[in-house]
Amino acid sequence: MRNDGTRRSAAKVTSTIPFFPPDLFEEDRQFVLDLVHDIALDPAQKFILGRRVEELERRICEESGTEHAVACASGTGALELAVRALGIGLGDEVIVPAFCCQPVASSVVNVGATPIFADIDPLTMVIDPSEVERLISPATKAIMPAHVFSVMADMPRIMGLAEQAGVRIIEDAAVAQGAVMQGRAAGTWGDIGVFSFFQVKALGSIGEGGMVLSDNGQLANVCRLLRNHGQAADVRGIHHLVGENNRMDELLAGFLVHRYDGLQARLRRRADIAAYYNERFSVLADLGLRSPPHGQDGRCYYVYSVLCARRDALRAHLESVGIGTHVYYPLPLPRQPAFSRFANGERFPRAEAAGEHNLALPIFPHLIDAEVERIADEVVGFLMP
Ligand SMILES: *Cc1c(COP(=O)(O)O)cnc(C)c1O
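Here it is as structure tokens:
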């Protein structure tokens with residue numbers, strides 16, 4: 011690799027490389043301590059929904075180009091606000107990916123609506139627009155595409171389908187903050203988009219947090235009311251809507267504003283690591299390992315996942331040489347005990363295959379070049395005859 015990450019010593023190269031780096035926020039430690047101090051001594055004594063939360067919302071608007079941003083308690087909380095703001099409820103259907111994390115289904119079920127699972131593209135592992143098209147019914151109220159790992163869902167096609175059917179889009183961009191497709195930022199394609207600030211996501215933080223994005227002022231206002239017990243920010247005690255507690259605290263917002271500064275550089279480093287892996291793994295295409303597609307458009311590099319026929323053997327080998335990996339969504343949502351009643355007798359062969367074959371390799375931005383090379387060497391060495 012050309013790009014030389016030098017922050018960690020070469021001595022670490024032979025030691026273990028974790029999948030989830032425990033030192034993700036090492037450089038931010040002093041900032042966190044100072045921030046706690048500032049908030050504790052701030053005369054305003056406002057610990058939630060204060061000026062730092064407002065600053066973060068402004069920053070999200072500037073960076074993504076969305077008109078409105080509403081900070082909330084988690085990515086899951088943001089999906090729940092989105093579903094409720096669109097008035098989705100009993101008898102309504104929402105088309106969601108079969109291969110994804112559970113909030114895409116639970117946010118729908120929790121309002122009494124029905125998740126309709128759509129199978130995925132076998133290579134990119136995001137929702138297949140042809141399946142979405144087949145599943146649209148008179149009861150469909152919304153489509154909830156999610157960007158998965160490093161690939162954005164096919165938003166132009168999904169937008170076309172939604173327009174044709176007159177249904178809304180909730181864009182789960184929990185993992186795709188900073189990604190851009192055809193010049194348009196992830197999170198700004200749907201009627202409502204969501205980000206997550208969970209520790210390992212693109213921006214990442216020291217706790218739970220999420221964001222709702224929308225160009226529709228009315229939808230954003232409903233989310234603002236809902237997140238705070240149905241109350242307007244300036245008048246407490248009047249509950250306009252049946253709300254919830256889905257708020258962001260000042261510590262998190264202050265940390266996120268601080269952490270925004272290096273985001274683009276970290277995303278570039280991740281993209282460089284992915285490009286290097288892709289180049290090294292091109293020789294493995296006929297040996298049972300498929301890398302994610304090349305390129306930058308519509309890519310986010312939150313996670314770098316390959317599909318490998320001998321996934322478990324490769325994983326065991328990497329483990330034995332001290333390289334941590336991760337398997338996402340081994341059991342697709344319609345096969346989960348909590349959601350199998352929504353499977354409708356359908357089969358989801360591509361979601362099943364993705365669950366059996368995906369393997370995520372370390373891609374955190376402070377990996378040094380020698381570590382990235384070692385990971386690639388081990389993968390190639392194991393699979394080459
Ligand atoms: C992480 C994630 C969420 C939920 O975000 P939290 O902040 O963890 O609640 C939703 N959707 C996807 C695709 C995610 O990866």
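In the working numbering, the protein residues as written are 11 to 395. In this text, a Cβ means the ideal position worked out from N, Cα and C, and glycines have one as well.
Same chain only: Cβ atoms within 7 Å of residue i, ignoring 5 sequence neighbours per side
i      : result
Val210 : Phe30
Val142 : Ile105, Ala128, Ile153, Ile168, Leu171
Ser19  : Annotation note: pLDDT 47 at Ser19 (below 50); position unreliable, coordinate value reported separately. For Ser19, where only same-chain residues beyond five positions count, there are no Cβ hits under 7 Å.
Val42  : Ile216, Phe265
Ala149 : Gly101, Asp102, Glu103
Integer-rounded CB distance, given that residue j should sit under 8 Å from residue i
i      : j      : result
Phe6   : Tyr312 : Lying before the first or after the last residue shown, residue 6 is absent from the chain, which here runs from 11 to 395.
Leu343 : Ala54  : Contact flag wrong, Cβ pair sits at about 43 Å.
Gly188 : Ala212 : 5 Å
Gly60  : Asn256 : That pair is no contact at about 16 Å.
Ile283 : Leu377 : 6 Å
Ile180 : Val63  : With a Cβ gap of about 22 Å, Ile180 and Val63 do not count as contacting.
His250 : Ala242 : 7 Å
Proximity of residue i and residue j at Cβ, strictly below 9 Å
i      : j      : result
His157 : Asp182 : yes
Leu223 : Val204 : yes
Leu96  : Ile202 : yes
Gly197 : Met221 : yes
Pro395 : Glu381 : no
Ala432 : Val337 : Absent from the structure is residue 432, since the part of the chain shown begins at 11 and ends at 395.
Gln192 : Gln346 : no
Leu89  : Arg237 : no
Leu393 : Arg321 : no
Glu388 : Leu341 : no
Sequence-distant residues of the same chain with beta carbon closer than 8 Å to residue i, five excluded per side
i      : result
Phe57  : Ile49, Asp259, Glu260, Leu261
His367 : Leu317, Cys318, Ala319, Arg321
Ser25  : Gly332
Own chain, CB closer than 6 Å to residue i, minus 5 neighbours either side, in chain order
i      : result
Leu67  : One point to set straight first is that residue 67 is Glu, not Leu, in the sequence displayed. Around Glu67: Ala79, Ala81.
Tyr339 : Phe109, Gly365
Ser206 : Gly85, Ala184, Gly220
Thr16  : Below a pLDDT of 50, predicted positions are generally treated as unreliable, and Thr16, at 45, falls in that range; the measurement from the model is reported next regardless. Correct list: empty, nothing qualifies.
Arg144 : none
Interface flag, residue i vs chain B, CB-CB below 9 Å
i      : result
Val190 : This model lacks chain B altogether, as it is built from one protein chain only.
### Message
Any contact between the segment 223–238 and the segment 70–90? By contact I mean 3 or more CB pairs, one from each, below 8 Å.
### Response
Taking 8 Å as the limit for Cβ pairs, the verdict is that the segment 70–90 does touch the segment 223–238.
### Given 8 Å, three or more beta-carbon pairs between the segment 90–109 and the segment 120–135
At 8 Å Cβ cutoff, the stretches touch.
### Message
Does the structure place the segment 136–156 close enough to the segment 272–291 that three or more beta carbon pairs sit under 8 Å?
### Response
Because the criterion of three Cβ pairs below 8 Å is not met, the segment 272–291 and the segment 136–156 do not touch.
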